[in-house]
Amino acid sequence: MDEEYDNGRKTRDCTIRNVSKGGVKLVMESTMILPDAFILLFEDGTQKSCRVCWRKIDEIGVEFL
Numbered sequence: 041m042d043e044e045y046d047n048g049r050k051t052r053d054c055t056i057r058n059v060s061k062g063g064v065k066l067v068m069e070s071t072m073i074l075p076d077a078f079i080l081l082f083e084d085g086t087q088k089s090c091r092v093c094w095r096k097i098d099e100i101g102v103e104f105l
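Read left to right, the sequence shown gives residues 41 to 105 (this note's numbering).
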């Protein structure tokens, strides 16, 4: 998994599998390193504050705040 820093924040690559008005399902190498709340940055520059609803080893469901 690639890690980058953006203004002092770690960034990690992920794949969006499902998206709705309320949240997304993300797939990534390991979700265990993500905090319970974070900012999701989309490729178009849109940012969404998120809270974890559930997590598995390589999948995570989050709701938009």
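All C-beta atoms in this analysis are idealised placements derived from N, C-alpha and C, irrespective of residue type, glycine included.
Residue of the options minimising C-alpha distance to residue i
i          : options        : result
residue 54 : 105, 92 and 66 : 66
residue 50 : 101, 73 and 56 : 73
Beta-bridge pairing of residue i - partner residues as DSSP gives them
i          : result
residue 90 : 78 and 104
Cα-Cα separation, residue i to residue j
i           : j          : result
residue 64  : residue 78 : 13 Å
residue 105 : residue 98 : 22 Å
residue 43  : residue 81 : Summary for residue 43: the model assigns pLDDT 43, below 50, so the residue's position carries little reliability; its value from the coordinates is reported in the next sentence. One C-alpha to the other measures close to 14 Å.
residue 100 : residue 62 : 14 Å
Reduced DSSP category for residue i - H, G, I as helix; E, B as strand; rest coil
i          : result
residue 65 : strand
residue 99 : strand
Integer Cβ distance of residue i from residue j, believed to fall under 8 Å
i          : j          : result
residue 83 : residue 93 : Residue 83 to residue 93, Cβ: 23 Å. No contact.
residue 71 : residue 95 : 5 Å
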